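Protein chains in written order, with this note's numbering: chain E, 1 to 115; chain W, 1001 to 1283.
One structure is given here, and the rest of the page talks about it.
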Amino acid sequence: MAKYRNVLRMMALAAGVGAAVVVASAQEGSTYVLTLEGDAFTPAELKVPAGQPFVLRLVNKENSAAEFEAKELKVEKIVAAGADAIARVKAMQPGRYLLVNEFKEDTVKTFVVVE
Amino acid sequence: MLAAAVIVFREVIEAGLIVGIVLAVTRNVASARQWVAGGVLGGVAGSCLVAAFTGALASAFSGSGQELFNAVILAVAVLMLAWHNIWMARHGREMAAQLRQTGTAVSTGSKAPIALAIVVGVAVLREGAEVVLFLYGIAVAGNNSWLALLAGSLFGLAAGIAFAALTFLGLLNVPARYLFGVTSGLITLLAAGMAAQSVAFFERGGWIDWLGATAWDTSAVLSEKSIPGRLLHTLVGYADQPSVLQVLVYLLVLAAIVIASRLMAPKPRAKAPAQPANAGSSA
């Protein structure tokens, strides 16, 4: 039983350390809106500044759910029909980052341009 | 049609892999299959619920509800996998002995299947909501290709189930004396990978902002989104752009489970069986 207790103690310690690391809502930058409607994104190419974190507000005006996915930006967000959601992105290097509706990834795509 | 099959297949394949492994791990435990089936059904039901409340979930916790949800259920799966491995390290040998003596399925180990059923449920739930929404989207779009899309989706689903069966049968071909080592090694790696993934969701939701620098970028060599990338992602936790914290947590969980399993193992009478501790390091 003593062994069990030690393992439990170790787990509790690990959980404590984990909880301490969790800092609610780190700093975030400006918000940029990207709208999906009729299988097209507006704006056609979203421009955001390089080197600072930003927030994407993803608006889905279609009549079915969509998954906004930009792999390199680490955005993977399911947005219900007619709803919107936000995705936090960390500071990025300049570049063109592909963003798609994963449910129709071959045809419905845009680029987020970080410059 | 093919596109729909690919989309559904790659969402189902990760859950399929986990179901196959869990079935192999619990092959000698009485009523394990019912538990696994229960886990799958629970996961499917949960997926429908999550899909129905996508909007509410997304807007919860100042827009980070989806991420928090994924992070927490993954963390639960990690705990369950760790518990299972440590429990098996303690009781695996007596279970094997009972099996040899009676030749029947072991009934005493009824606690372990609960943990693994939860893991199966989490695996199905994680990707299931996406499949449900995708299928629902096909239904409401109502254009004339919906039948082809539905056929493609069902084909993708069937392929995923076949893949689970293949994983299970493949593991059954491992010689019995290695199987325990192989499966506990697999479960340890699954747990470490899921822990790293859980960290990724905490990071995405803005809950953790610590050691967030990208440790390496191998997306050009092996994309995490390709089918081989996805398989490796599920099996050993491969990530093509992990953060430093993800790598640290991966190694920490790997070490914690291996060490705890060793500590919990009953004192060997002669030589202790080798633990598959060398399987790690390739995050």
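All C-beta atoms in this analysis are idealised placements derived from N, C-alpha and C, irrespective of residue type, glycine included.
Computed from a predicted structure; not experimentally measured.
**Other residues of its chain near residue 1016 of chain W: CB distance less than 6 Å, five sequence neighbours each side excluded** = 1160, 1163, 1164
**Message:** For residue 1070 of chain W and residue 69 of chain E, I'd like the C-alpha separation in whole angstroms.
**Reply:** 16 Å
**Request:** Verify the CB distance criterion: does residue 1140 of chain W have a CB-CB separation below 9 Å to chain E?
**Result:** yes
**Prompt:** Where does residue 1008 of chain W land, buried or exposed, given buried means 16+ other C-beta within 10 angstroms?
**Reply:** buried
**Request:** In the DSSP assignment, find the unbroken alpha helix (DSSP H) run with residue 1178 of chain W in it and report its ends.
**Result:** 1176-1204
**Message:** Output needed in chain order: residues of the region 1210-1225 of chain W with a Cβ under 7 Å from some Cβ in chain E.
**Reply:** 1210, 1212, 1225
**Message:** Using the three-state DSSP reduction, which class does residue 1002 of chain W fall into: helix, strand or coil?
**Reply:** helix
**Request:** Could you list which residues in chain E have their beta carbon closer than 9 Å to that of residue 1059 of chain W, in chain order?
**Result:** 83, 84, 85, 86
**Message:** Counting only Cβ-Cβ distances shorter than 7 Å, please list the residues of the region 86-111 of chain E near chain W, keeping chain order.
**Reply:** 86, 88, 90, 103, 106
**Message:** Within a Cβ cutoff of 6 Å, which residues of the same chain sit near residue 1167 of chain W, ignoring the five residues on either side of it in sequence?
**Reply:** 1017, 1020
**Asked** Who are the neighbours of residue 1066 of chain W on chain E, taking C-beta pairs under 8 Å?
**Response** 77, 78, 85
**Asked** Counting only beta-carbon atoms, is residue 1187 of chain W nearer than 9 Å to chain E?
**Response** no
**Same chain, Cβ closer than 6 Å to residue 1215 of chain W, neighbours up to 5 away in sequence not counted** = 1242, 1244, 1247
**Request:** Less than 8 Å between the CB atoms is what I'm expecting for residue 89 of chain E and residue 45 of chain E, so what's the real figure, rounded?
**Result:** Actually they do not touch by this definition, with Cβ atoms about 16 Å apart.
**Asked** Taking the Cβ atom as the reference point for each residue, do residue 1022 of chain W and residue 1042 of chain W lie within a distance shorter than 9 Å?
**Response** no
**Request:** Can you check the region 1042-1094 of chain W for any alpha helix (DSSP H) of at least 4 residues that lies completely inside it and give the ranges in chain order?
**Result:** 1054-1063
**Asked** Would you say residue 1007 of chain W reaches chain E, if we count a Cβ-Cβ gap shorter than 9 Å as a contact?
**Response** yes
**Whole alpha helix (DSSP H) elements within the region 1211-1267 of chain W, 4-residue minimum** = 1227-1236, 1244-1264
**Request:** Spell out a yes or no on whether the region 70-88 of chain E and the region 1028-1039 of chain W are touching, meaning 3 or more CB-CB pairs, one atom from each, closer than 8 Å.
**Result:** no
**Request:** Check the Cβ of residue 1136 of chain W against every Cβ in chain E and list those closer than 8 Å, keeping chain order.
**Result:** 64, 65
**Item:** residue 1253 of chain W to residue 1261 of chain W span [Cα, whole Å]
**Value:** 12 Å
**Request:** Return the chain-ordered list of same chain residues with a C-beta closer than 6 Å to the C-beta of residue 1267 of chain W, the five sequence neighbours on each side being excluded.
**Result:** none
**Request:** Report yes or no: is there a C-beta of chain W within less than 9 Å of the C-beta of residue 126 of chain E?
**Result:** Given a span of 1 to 115 for chain E in the structure shown, any question on residue 126 of chain E remains unanswerable.
**Prompt:** Under 7 Å Cβ-Cβ, which residues of chain W neighbour residue 74 of chain E?
**Reply:** 1204
**Request:** Measure from the C-beta of residue 61 of chain E to each C-beta in chain W and report whether the shortest distance is under 9 Å.
**Result:** no
**Asked** Nearest chain E C-beta to residue 1130 of chain W closer than 9 Å, yes or no?
**Response** yes
**Message:** Does the CB of residue 21 of chain E have a neighbour CB from chain W at under 9 Å?
**Reply:** Residue placement at residue 21 of chain E is flagged as unreliable, the pLDDT there being 47, under the threshold of 50; the coordinate-derived value follows with that caveat. Judged by the 9 Å Cβ criterion, residue 21 of chain E is in contact with chain W.
**Message:** Helix, strand or coil, according to DSSP, for residue 1010 of chain W in the structure here?
**Reply:** helix
**Asked** Hey, does residue 1241 of chain W have any beta-carbon neighbour from chain E nearer than 9 Å?
**Response** yes
**Request:** Quick one: grab the DSSP three-state call for residue 26 of chain E.
**Result:** Low confidence applies to residue 26 of chain E: its pLDDT is 46, below 50, so where it sits in the model is not reliable, and the reading given next is rough at best. Note: residue 26 of chain E maps to coil in three-state DSSP.
**Request:** Could you give the DSSP three-state label for residue 21 of chain E: helix, strand or coil?
**Result:** Bear in mind that the predicted position of residue 21 of chain E carries a pLDDT of just 47, short of 50, making it unreliable; the figure below should be weighed with that in mind. In the structure shown, residue 21 of chain E sits in a helix (DSSP, three-state: H, G or I).
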